[in-house]
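Peer 1: Under the numbering used here, residues 295 to 1302 are what the sequence shown spells out, in order.
Every residue, glycine too, gets a C-beta built ideally from N, C-alpha and C.
Got a structure for you, questions after.
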Amino acid sequence: MTAGGSRISRPENRLVRRGFGDPEAAVRRLAAPALAGLADDPVLLDALGATADPDLALLGLARLLEALGEGERHVLRDTLTTAKPLRDRLLGVLGASAALGDHLATHPRDWHALDTFELHDIHPGTDDFRRELEQRVRANDGAPADALRAAYRRCLLTIAARDLSGTTDLEQTAAELADLAGATLRTALEIAAEQEPEAADACRLAVIGMGKCGGRELNYVSDVDVIFVAEPREGVDEQRALRAATRLASAMMRLCSDTTREGTIWPVDANLRPEGRNGPLVRTLASHVAYYQRWAKTWEFQALLKARPVAGDTELGHAYLAALDPMVWQATERENFVADVQRMRRRVVEAIPAGELDRQLKLGPGGLRDVEFSVQLLQLVHGRTDPALRSGNTLAALRALSAGGYVGRADAASLDAAYRFLRSLEHRIQLFRLRRTHLMPTDPADLRRLARSLTTMINDDTRADPVAALEREWKRHALEVRRLHEKLFYRPLLAAVASLSAGEALTPGTPAMSPRAAEARLQALGFADPPAALRHLMALAAGVSRKAAIQRTLLPVMLAWFSDSADPDAGLLGFRQVSDALGRTPWYLRLLRDESEAAEGLARVLSAGRLAPDLLLRAPEAVAMLGDPQGLVPRGRTALEQEVRAAVGRAPNAAQGVAAARSVRRRELFRTATADLLGRLGDDPAQALEAAAAALTDLNAATLAGALAACTAEWEQQHGEAFPTAVAVIAMGRFGGRELGYGSDADVLFVHEPLPGTEQDATAAARWVCNELRTLLAAPATEPALLVDADLRPEGRQGPLVRTLGSYRAYYARWSHVWESQALLRAEPVAGDAELGERFRELIDPLRYPLGGVPEGDLLEIRRIKARVESERLPRGADPTTHTKIGRGGLADVEWTVQLLQLQHGHEVPGLRTTRTRRALLAAAGAGLLDEEDAAVLDAAWVLASRVRSAVMLVRGRAGDSFPNEPRELAGVARYLGYGEGHSGELVDDYRRTTRRARAVVERLFYG
């Protein structure tokens, strides 16, 4: 024990100060005979302390010295103490890589690979690696596969040593790893040719490096992606040559991928070939060309950005590039380019397991894939006209994009630094065990070793807490990548439309871009009319005003949201129109700038369809509700009626009163539609559907109540006396069932009850008020019309518009048909005199829930009417399998089936006495009137058909019962229903499948 009371002896104390975590074990190792004389060498101890993991470095050094013979051991000890380059290289490797420490313990004489200083040793190329591999494989009498693995690891040892000692940077290290991979593939192919001489004589085979190997930016541990192309030698049949080439390629892959006594090198992955795993391993050049001309998808051309011949027949490899390279730069002209790009984005996001999201260096937000995707997409868009951008290397391509003015210099430098840091972090993680991984470790010791290995790249003080400093640096770079991922692609568009002096950038580091380049980028974003989009951008962002400056801040991210929609053109046009209307108000741009959720909501709504933007453009100030946390919560009927009645009460006449009610309705329609489009009405689709339907029902009811009050007051003003009758409005159909869609009419009945002694005048007064109400609600105006349909009244259009309660009683007692009883199943008082409405309900209950059910003759009549509707009412040319209202398994099928059960059993099953389809269906299943499985099938079809109708109205701005024919509109419907871009056909297939099952249930239950 020391005088200060420390329990650690002086040697151990010195080791702790140098960063050793287990000083006792380190003292024991330093005392071992193999390390004689090293324990007291402060230079060596300092060098160990400078490594990523001093304990690991010392362990590796001890194992290496113990594996050497006495003479060789003495040479290594002397060299370690006198030669700083070897000391830094060897200890750096041993402190960062347990796997390479294992290799040196198994092949101890390989330490000499680190003790050379020739120029080719400092910056070796493919030929240097190839000579080294070939020499060692030839000198080995054992299995060629084992010799190749040992030689590969010796070369890998030198790359890691240069990397860890700072002799090479990230870009050079990744290039050396790719060159070593190419040399290994060449050597393996030569060994395969020696093993299969007849195959080698029959064909010419070229190996095309893809991915990071092709781009000369390989990781320490990675699959090596390749494509094989072959041609027959002179006089050899093509099929025989292809079989021979396949044998050679397979043998080469096994030589690299199989696990032997010396382990494995890396998997050789040929799945990027045409047709992937399902396609032939080897094709002729003509076959490759034919595939890419006819069948290849956008991602396959994106993959070809990195294609590079790496082994085999060089002439054939270059012929492959010459044939396919022009197709790569025409990819953006393909019809489905944008949809494919969006699909690739989603594939990246969806590929991340939920538990790995926060640890992913490659696929996570702000990860390597964000950088690579941004750079490659910019290359595809602009490389067709600028050959300088056609590089397979990410960092080289980024430099070219910056030099060409497609990316700002400051942004390119930031992205370059972030990419280098993330790749270096990935390299250090893989180097430890030589295992393929892209996840940040969680073990504290692993994190500490990582942080110590990257101290020169961390812009923070790592002495106090290296792990915390590492994580701060990682998060900083990830955030920067996410920011630049958006900025790289969208912000330079604004430079093309800004009215600034030549060469002046909109923001620091943002380059100018020609209109032609800007249009190319807009087309790649999915804009169908790039010149028009460019004009909109010019109108929004040009100039030096404060408004234009804020727009230039907003537009890059707005364009990103527009491009992720089914109709970017509509989104940008709507944004310009709203901005033109509100641009002078002090709050509009401030709201969008300061409230990102409001800005995103506006972008999503404007590009999702026509209904919500049309409603917004009639009164753009409604955009303010996007910035209110409660702004998109539908208001209840009581609050709506109070507001409508107050607005009507202030109006001087019925026309202006109804106009005020329609204005409230327009605003609330926008609120509900926006909440629906943004997913604010519920996570479950059925729940969201019911919430929207309830909001629309309450809104129409409040509007009718206000319009009725306005027209009644108008009559009283004209006649100078009190209105002589009580009027009630009875909702029918989907209105009565609280199942309204955005395009639904308001089906109603009007009933009135004269005051004593006013019967004759009362009927005329009630007729005038109801007619005026319908006229004013449907009149052309800036506010959307509410069509009030009273055709379900007794005698239909031929009967009086409004009847007394007694007249209804007399009609139903004498003339009522079974279809009218069926229609009354949906009757629900919604406006006017509440007491009269309840009396009407009492009147019709025996009709719609008759004691003993309906007679057999009436059941047959209902079935006959339904069959006639199916055969006569379907619009000409409509597809019965996709017509949501009266098509197979659609709304009518489900509703008539449920209503038949209500008519038959409503008198005995209280749950069936409801105007709502889904509630009645649930009650019928609960009462055992149909199987729960059948009920679920009918419910699914009804919900889906209802949602499709709502989607059609939201997207097209007008009602429709069938799927749109226009592709963009169909894509918008699919988006609303939760189907991604390019999955519209899947939606239609799902709809047909769901309704086909429902129709089978209807055939059994309804028609018997």
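Ordered along the chain, which non-local residues of its own chain (more than five positions away) have a Cβ less than 6 Å from that of Gly951?
Peer 2: Here the set comprises Val942, Ala945 and Ala1004.
Peer 1: Whole-angstrom Cβ separation of Ala390 and Arg722, contact assumed at under 8 Å?
Peer 2: Indeed they touch by this definition, with Cβ atoms about 7 Å apart.
Peer 1: Identify the continuous beta strand (DSSP E) that holds Gly611 and give its terminal residues.
Peer 2: No beta strand (DSSP E) contains Gly611, which is instead part of the alpha helix (DSSP H) from Thr608 to Val622.
Peer 1: So His1046 is in the beta strand (DSSP E); what residue range does that whole segment cover?
Peer 2: From DSSP, the beta strand (DSSP E) with His1046 extends over Ala1040 to Pro1048.
Peer 1: With 16 other CB atoms within 10 Å as the buried threshold, where does Gly1090 fall?
Peer 2: Label assigned to Gly1090: exposed.
Peer 1: Would you be able to state if there are at least three C-beta pairs under 8 Å between the segment 901-915 and the segment 864-874?
Peer 2: Yes: the two stretches touch, three or more of their Cβ pairs being nearer than 8 Å.
Peer 1: Report the partner residues of Ile1024 according to the DSSP bridge assignment.
Peer 2: In the DSSP output, where bridge partners are listed per residue, Ile1024 has Leu1043 and Pro1123.
Peer 1: In this structure, how does DSSP classify Gln1193 when only helix, strand and coil are distinguished?
Peer 2: Residue state, collapsed to three classes: helix.
Peer 1: Could you tell me which of Lys591, Ala580, Gly837 and Gly386 sits nearest to Arg743, measuring between CA atoms?
Peer 2: Considering only alpha carbons, the answer is Gly386.
Peer 1: Which residue comes first and which comes last in the alpha helix (DSSP H) that contains Pro348?
Peer 2: Counting along the chain, the alpha helix (DSSP H) containing Pro348 begins and ends at Pro348 to Ala361.
Peer 1: Considering only the beta carbon of each residue, do Val520 and Ala493 sit closer than 8 Å?
Peer 2: No.
Peer 1: Could you give the C-beta distance for Glu1047 and Ala1020, rounded to a whole number, given that I count them as a contact under 8 Å?
Peer 2: Yes, Glu1047 and Ala1020 are in contact; Cβ-Cβ is about 5 Å, under 8 Å.
Peer 1: What are the start and end residues of each continuous beta strand (DSSP E) run of 3 or more residues lying completely inside the segment 1084-1155, in chain order?
Peer 2: Runs of the beta strand (DSSP E) inside the segment 1084-1155: 1096-1098 and 1122-1126.
Peer 1: Thinking C-beta only, is Thr1178 closer than 8 Å to Asp1255?
Peer 2: In contact: Asp1255 and Thr1178 (Cβ atoms closer than 8 Å).
Peer 1: How long is the line joining the alpha carbons of Glu765 and Val530, rounded to whole angstroms?
Peer 2: Roughly 60 Å between the two C-alpha positions.
Peer 1: Return the chain-ordered list of same chain residues with a C-beta closer than 7 Å to the C-beta of Gln489, the five sequence neighbours on each side being excluded.
Peer 2: Excluding positions up to five away in sequence, the list reads Ala545.
Peer 1: With DSSP run on the structure shown, which of helix, strand or coil describes Leu900?
Peer 2: Of the three classes helix, strand and coil, the one that applies to Leu900 here is helix, per DSSP.
Peer 1: Using beta-carbon positions only, say whether Leu483 and Ala605 come within less than 8 Å of one another.
Peer 2: Cβ distance < 8 Å, so Leu483 and Ala605 count as in contact.
Peer 1: Indicate the three-state DSSP secondary structure (helix, strand or coil) for Glu1275 in the structure shown.
Peer 2: Reduced to three states, the DSSP call for Glu1275 is coil.
Peer 1: Can you tell me which of Pro1078, Tyr1036, Leu542 and Leu971 puts its alpha carbon nearest to the alpha carbon of Ala954?
Peer 2: Nearest C-alpha to Ala954: Pro1078.
Peer 1: Measure the C-alpha to C-alpha separation of Gly1027 and Ala995 and round it to an integer number of angstroms.
Peer 2: Whole-angstrom Cα-Cα distance: 14 Å.
Peer 1: I'd like to check one pair, Leu655 with Leu741: are the Cβ atoms closer than 8 Å?
Peer 2: For Leu741 and Leu655, no; Cβs fall outside 8 Å.
Peer 1: What is the residue span of the beta strand (DSSP E) that Gly503 lies within?
Peer 2: Gly503 -> beta strand (DSSP E) spans Cys497 to Gly503.
Peer 1: Phe726 lies in the alpha helix (DSSP H); which residues open and close that run?
Peer 2: Note, Phe726: alpha helix (DSSP H), Arg703 to Arg727.
Peer 1: Determine, for Tyr1270, whether the minimum Cβ-Cβ distance to residues of chain C falls below 8 Å.
Peer 2: Within the model displayed, chain C is absent; a lone protein chain is all it includes.
Peer 1: Starting from Thr578, trace the beta strand (DSSP E) both ways and give me its first and last residue.
Peer 2: Where Thr578 is concerned, the enclosing beta strand (DSSP E) stretches over Val576 to Thr578.
Peer 1: Spatial neighbours of Leu1197 within its chain, please: C-beta separation below 6 Å, excluding the five flanking residues on both sides.
Peer 2: Counting only Cβ-Cβ distances below 6 Å, and skipping sequence neighbours, we find Val1148.
Peer 1: Which residues bound the beta strand (DSSP E) around Arg559?
Peer 2: A small correction: the amino acid at residue 559 is Ile; Arg does not occupy that position in the sequence shown. Ile559 -> no beta strand (DSSP E), and no H or E assigned at all.
Peer 1: From Val1275 to Leu512, what distance separates their C-alpha atoms?
Peer 2: It is Glu, not Val, that sits at residue 1275 in the sequence shown. Roughly 32 Å between the two C-alpha positions.
Peer 1: Report all residues from its chain with a CB closer than 6 Å to the CB of Leu309; omit the five preceding and five following residues, and keep chain order.
Peer 2: Same-chain partners within the cutoff: Pro317 and Ala320.
Peer 1: By a C-beta neighbour count over all protein chains shown, 10 Å radius and 16 as the cutoff for buried, is Gln1193 buried or exposed?
Peer 2: Buried.
Peer 1: Report the residue from Glu813, Ala1060, Leu362 and Pro438 whose alpha carbon sits nearest the alpha carbon of Glu553.
Peer 2: Reading off the sequence shown, one finds Thr at residue 553, where the question assumed Glu. Measuring from the Cα of Thr553, the nearest candidate turns out to be Pro438.
Peer 1: Report, in whole angstroms, the separation of the C-beta atoms of Ala601 and Leu579, which I expect to be a contact under 8 Å.
Peer 2: Not quite, the Cβ-Cβ distance comes to about 13 Å (not below 8 Å), so this is no contact.
Peer 1: Give every residue of the same chain whose Cβ lies closer than 8 Å to the Cβ of Arg1286, excluding the five residues on either side of it in the sequence, and list them in chain order.
Peer 2: Only Thr1175 and Thr1176 meet the Cβ criterion.
Peer 1: By Cβ distance, which residues of its chain are closer than 6 Å to Arg447, with the 5 residues on each side in sequence left out?
Peer 2: Result list for Arg447: His397, in chain order.
Peer 1: Report the rounded CA-to-CA distance for Arg1212 versus Phe522, giving the unit in angstroms.
Peer 2: Arg1212 and Phe522: Cα-Cα distance of roughly 59 Å.
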